[in-house]
Amino acid sequence: MTVRKLREKRGWAFGIAVAIVKPTLLAATRHEWIGVENLPERGGFIIVLNHISHADPLTAAHLVYEHGYKPRYLAKSGLFDNRALGYFLRSAGQIPVRRDTKDAVGAYSAAVDAVRAGQCVVIYPEATITRDPDLWPMKGKSGAARIALETGCPVIPVGQWGAHEILPPYTKRPHLVPRRKVVMRVGPPVELDDLRARERTTAVVNEATARIMAAITHQLELVRGETAPAERYDMAVHGDRFKRNKKAAS
């Protein structure tokens with residue numbers, strides 16, 4: 012059941028995706044959406060989430076779509092390398108990101124334009140599935156903060172849990188039976204107004220990023236009923252435990 016009417020035309024690609032993904036999610040999951048009144052009813056905004064599974068972009072899209080928006084993801088460029096898939100994703104409004112290259116500027120500009128056009132851009136600030144052993148959010152990247160500071164748009168934090176039971180991190184076989192419960196808790200906009208009034212230095216962007224990650228983590232703490240570690244997992248410091256495990260098994 013759609014909570015809010017879609018504010019723009021679906022288009023052929025998005026229509027196909029909805030026809031396939033939505034029935035699958037309804038059959039395989041039970042969802043609980045908390046705090047959805049914090050999702051804006053109009054105007055462009057950013058949704059920021061923790062990342063725990065390759066399945067959670069689908070469960071997040073379900074939340075966004077049912078509340079009247081077509082989600083625009085900043086997606087890994089590798090997904091667009093296949094000509095057919097790339098054409099489909101671009102037709103559905105998704106934005107390719109080539110990390111650590113000059114092309115990343117183009118993705119940033121596209122996301123800024125989308126927000127200014129009144130659209131919803133979905134960003135995982137961690138940029139990859141968390142490597143934290145207990146699946147808490149890691150140290151965030153600055154993309155969401157820079158877009159928010161540039162546009163002045165609301166940044167809506169979401170703590171989500173349960174998608175990892177459908178598809179555990181870096182596995183290929185989904186667990187669809189029994190139905191898994193996916194909880195998404197939507198928080199109020201992250202307070203960034205004081206930072207928008209300041210010169211956009213590295214320190215200001217880092218502070219905005221820290222506030223965004225803190226807001227996501229707080230929502231996840233409420234979902235899980237637990238307290239996150241005081242120090243965030245940082246792959247630059249702690250490494251990539253998935254790659255270490257893969258080497259050890261080979």
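In terms of the numbering used here, the sequence shown opens at residue 12 and continues consecutively. Quick reminder that beta carbons are idealized off the backbone N, C-alpha and C, glycines included.
Open item on the list: So, for Cys-164: in the same chain, excluding its five sequence neighbours on each side, which residues have a beta-carbon less than 7 Å away from its beta-carbon?
Closed with: Residue mapping note: residue 164 aligns to position 153 of the sequence shown, counting from 1. Contacts found: Gly-55, Phe-56, Ile-57 and Val-126.
Open item on the list: Do Val-193 and His-42 count as a contact pair if the criterion is CB distance below 9 Å?
Closed with: In the sequence shown, residue 42 corresponds to position 31, counting from 1. In the sequence shown, residue 193 corresponds to position 182, counting from 1. The answer is yes: Cβ separation under 9 Å.
Task: Residue from Ala-159, Thr-35 and Glu-161 whose Cα sits closest to the Cα of Leu-69 - done: In the sequence shown, counting from the first residue as 1, residue 69 sits at position 58. Leu-69 has its Cα closest to that of Thr-35, out of Ala-159, Thr-35 and Glu-161.
Task: Nearest-angstrom Cα separation, counted from Phe-91 out to Leu-100 - done: Numbered from 1 along the sequence shown, position 89 holds the residue referred to as residue 100. Numbered from 1 along the sequence shown, position 80 holds the residue referred to as residue 91. Distance between the alpha carbons of Leu-100 and Phe-91: 7 Å.
Task: Backbone CA spacing between Glu-161 and Pro-189 [nearest angstrom] - done: Taking the sequence shown and counting its residues from 1, one reaches residue 161 at position 150. Taking the sequence shown and counting its residues from 1, one reaches residue 189 at position 178. Going by the C-alpha atoms only, they are around 44 Å apart.
TODO: For Thr-182, decide whether its Cβ has a neighbour in chain D, counting only Cβ atoms nearer than 9 Å.
DONE: Of the protein chains in the structure, only one exists, and it is not chain D.
Open item on the list: I'd like to confirm the pairing. Which residues does DSSP put opposite Glu-43 in its beta bridges?
Closed with: Mapped onto the sequence shown, residue 43 falls at position 32. According to DSSP, which records beta bridges pairwise, Glu-43 is partnered with Val-194.
- [ ] Could you please give the first and the last residue of the uninterrupted alpha helix (DSSP H) stretch that includes Ala-214?
- [x] Position 203 of the sequence shown holds residue 214. Taken as a continuous stretch (DSSP letters only), the alpha helix (DSSP H) holding Ala-214 covers 213-235.
TODO: Using three-state DSSP, classify Leu-203 as helix, strand or coil.
DONE: Within the sequence shown, the letter at position 192 stands for residue 203. In this structure, Leu-203 counts as coil in the three-state DSSP scheme.
- [ ] Pull up the CB-CB distance for Arg-18 and Tyr-80, whole angstroms please, since I reckon it's below 8 Å.
- [x] As a working note, residue 18 is residue 7 in the sequence shown. As a working note, residue 80 is residue 69 in the sequence shown. Sure, about 7 Å apart at Cβ, within 8 Å.
Task: N-terminal and C-terminal residue of the beta strand (DSSP E) that Gly-97 is part of - done: The residue you call residue 97 lines up with position 86 of the sequence shown. Segment 94-102 is the alpha helix (DSSP H) holding Gly-97; no beta strand (DSSP E) there.
Open item on the list: For Leu-85, list the residues DSSP reports as bridge partners.
Closed with: If you number the sequence shown from 1, residue 85 lands on position 74. In DSSP, Leu-85 forms a bridge with Ile-106.
TODO: Check whether the Cβ atoms of Val-169 and Val-197 lie closer than 9 Å to each other.
DONE: Mapped onto the sequence shown, residue 169 falls at position 158. Mapped onto the sequence shown, residue 197 falls at position 186. The answer is yes: Cβ separation under 9 Å.
Open item on the list: Determine whether the beta carbon atoms of Ile-63 and Pro-136 lie at a separation below 9 Å.
Closed with: As a position in the sequence shown, residue 63 is number 52, starting the count at 1. As a position in the sequence shown, residue 136 is number 125, starting the count at 1. Against a cut-off of 9 Å, the Cβ pair of Pro-136 and Ile-63 comes out as no contact.
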